[in-house]
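If you're matching positions, the sequence shown starts at 313 in our numbering and goes up one per residue. Where a beta carbon is used, it is the ideal one built from N, C-alpha and C, also for glycine. Some notes on the structure that comes next.
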Amino acid sequence: MSILKITIMVMLWAVALWRLPSAIRVPRQRSLWLAFTGLALATTLAMPPVSSFLDTWTGINNISVPAKHAVGIVACGAILDFVFSMARPQLVQRTRLPHLVLALAVMLLMGVLFAQVDQPTRVENFYEAYAGTPAATAYLLTFTAYLGLAMGLSTWLFLSYARHAGARSLRNGLRLLGTGTAVGVVYAAIRIAALLARLFSDGPLADEETIQHTADLVEYLAIGLIIIGNSLPAAGVLARTAADWRAGRRLRPLWSSLTEAVPDITLPTPHRHGIRVHLHRTVIEIRDASLSLMPYVSATVRDRADRAAEEAGLHGEEREAMAEALWLRAARAAKLRGTAPVADPARGHGSALEDVDFPAEVHRLLLISAAYHSPAATAFPTAPAPEPR
313 MSILKITIMV
323 MLWAVALWRL
333 PSAIRVPRQR
343 SLWLAFTGLA
353 LATTLAMPPV
363 SSFLDTWTGI
373 NNISVPAKHA
383 VGIVACGAIL
393 DFVFSMARPQ
403 LVQRTRLPHL
413 VLALAVMLLM
423 GVLFAQVDQP
433 TRVENFYEAY
443 AGTPAATAYL
453 LTFTAYLGLA
463 MGLSTWLFLS
473 YARHAGARSL
483 RNGLRLLGTG
493 TAVGVVYAAI
503 RIAALLARLF
513 SDGPLADEET
523 IQHTADLVEY
533 LAIGLIIIGN
543 SLPAAGVLAR
553 TAADWRAGRR
563 LRPLWSSLTE
573 AVPDITLPTP
583 HRHGIRVHLH
593 RTVIEIRDAS
603 LSLMPYVSAT
613 VRDRADRAAE
623 EAGLHGEERE
633 AMAEALWLRA
643 ARAAKLRGTA
653 PVADPARGHG
663 SALEDVDFPA
673 EVHRLLLISA
683 AYHSPAATAF
693 PTAPAPEPR
C-alpha cells in the first residue's frame, strides 16, 4: 500500500465530504458529489486490508474486485451526468436513461464473466493472477472499455465547455478536468493493450511489473488532475470573496465619512447576506452619497480641486481620483456646516464603466478612498473662501 495511493484516497474523501453540503442544498451538484464519493469508495475498496476483510466477510473469493469496479462504473456515470448538465443541459434528460441502461448492462455482463472465472483461492492482485485467462480477460476488458469510453466522452465535453466558460478559474478548472479524464483514456488504453498482449502470449509478459507500475502512476495522475480541476473554480470563488472583503474593508472609511453627512441614503443590510452583497451596497451608497453631496460644491471649488490634483503631480485616473476626493471633502464639510446648496453645483463625471463594469467601479472608488485620506486631501481647504471687500 503506497503512500501515494493513500494520499489519493484521503484527497478523494476530503473532496467528497467538502461537496456534501452543496449536494444536499443544490440538486444539480449531487452527481458531482456522487462521482467523488464513488471514486473515494472504489479507491478504498482497492486497499488490501479493506479488500481482504470484504472477501473474508462475504466468503466469496475476490468479491472486492467486482465491488470496486461496480462503484467505479457508478462514479463514471455520475461524472458523465455532471458534465452533460454543464456542457449540454438540453440533453441531460435524454441521455440519463441510456447512461443508466448502459451502466447496468456493463455491470450485469461483468457479473456473468466474473462468475465464470475459476477462483479457488483469494489473490492479492486479480489482474496479475488471472489476466490471460479468457473469462477474466473479458471481464477486465469490459470494465476498462467502459472506463475509456466514459473518460473519452467526458474529455470532449469538459474541453468543449471550457471554451465558453466565463471566469478564468472555471475555464482552467474545466481544462484540468478534461486533461484528467484524457489521462484516464490513456490509462484505459494501457490496460487494454496489456490485457490483449497477455491473452495472446504464452505466459506473463517480460515487463509486466513495469506495465503495472506505469498504469498505476497514470491512474493516480488522472485522479489527481481531476481533484485539482474540481478545486480550481472553488479556489477562484474563494479568491474573489477575499478580494471583495479587502475592497469592502478599504472602502469602509470613505463610506463612513460620506454617509455621516448624508445618513438618509443608507439602508440596513442583513448580516446573513454575503460579502459580495455588502460590497455592492457599499459601492452603491458611496455613489449615492456623492450624488447627494454634489449640490454642496460649486464649480469654483471643483476647479480648485482639479488644480490641486494637477499640482500634486498626478496623472490619469489617479489625478481624477484625487480631484474627486478633494471636492467630496469640501462638499461633506459644507453639508455638515449646514451650508445651503450652491446655485452652480459641480457636475460629476464618474467612470464611464461605473454602470456596467463593477470591478472597474470598485477600482475607481478605491483610488478615491486612498486619495480622500491622503495628506494632500487633508490639507485641502474645505472652508468657504472669504468674500472680497
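Length of the line joining the Cα atoms of residue i and residue j
i	j	result
Gly586	Ala494	37 angstroms
Thr449	Arg331	36 angstroms
Asp528	Ile336	33 angstroms
Ala554	Leu591	11 angstroms
Ser472	Leu563	40 angstroms
Pro410	Gly389	11 angstroms
Tyr451	Ile523	19 angstroms
Pro700	Thr612	Below a pLDDT of 50, predicted positions are generally treated as unreliable, and Pro700, at 47, falls in that range; no measurement from the model is reported.
Leu544	Leu537	10 angstroms
Ala645	Gly485	50 angstroms
Asp615	Phe396	59 angstroms
Ile535	Arg487	14 angstroms
Ala457	Arg552	41 angstroms
Thr355	Leu579	52 angstroms
Leu316	Leu324	12 angstroms
Met422	Gly548	41 angstroms
Thr407	Ala399	13 angstroms
Ile596	Leu403	40 angstroms
Boundaries of the alpha helix (DSSP H) in which residue i is found, first to last residue
i	result
Asn374	Segment: none, Asn374 is in no alpha helix (DSSP H) and carries neither H nor E.
Gly536	Glu520 to Ala573
Glu629	Gly628 to Arg649
Thr456	Pro446 to Ala474
Ile596	Ile587 to Leu605
Pro361	Pro360 to Thr370
Gln341	That residue, Gln341, is in no alpha helix (DSSP H); it is neither H nor E in DSSP.
Ser481	Arg480 to Leu511
Leu579	Per DSSP, Leu579 belongs to no alpha helix (DSSP H) and is neither H nor E.
Contact check, residue i vs residue j, beta carbons under 7 angstroms
i	j	result
Phe438	Asn374	yes
Phe304	Ala328	It is not possible to answer for residue 304, since the shown part of the chain is limited to 313 through 701.
Pro565	Pro607	no
Ile598	Ala633	no
Met419	Ile385	yes
Gly541	Leu461	no
Ser481	Ile391	no
Ala643	Tyr684	no
Where residue i falls: helix, strand or coil (DSSP)
i	result
Leu324	helix
Ala441	helix
Ser610	strand
Ala691	coil
Tyr684	helix
Ser314	coil
Leu329	helix
Asp393	helix
Ala477	coil
Residue-chain proximity (residue i, chain D), Cβ-Cβ < 7 angstroms
i	result
Met422	No chain D appears in the structure shown, which is made up of a single protein chain.
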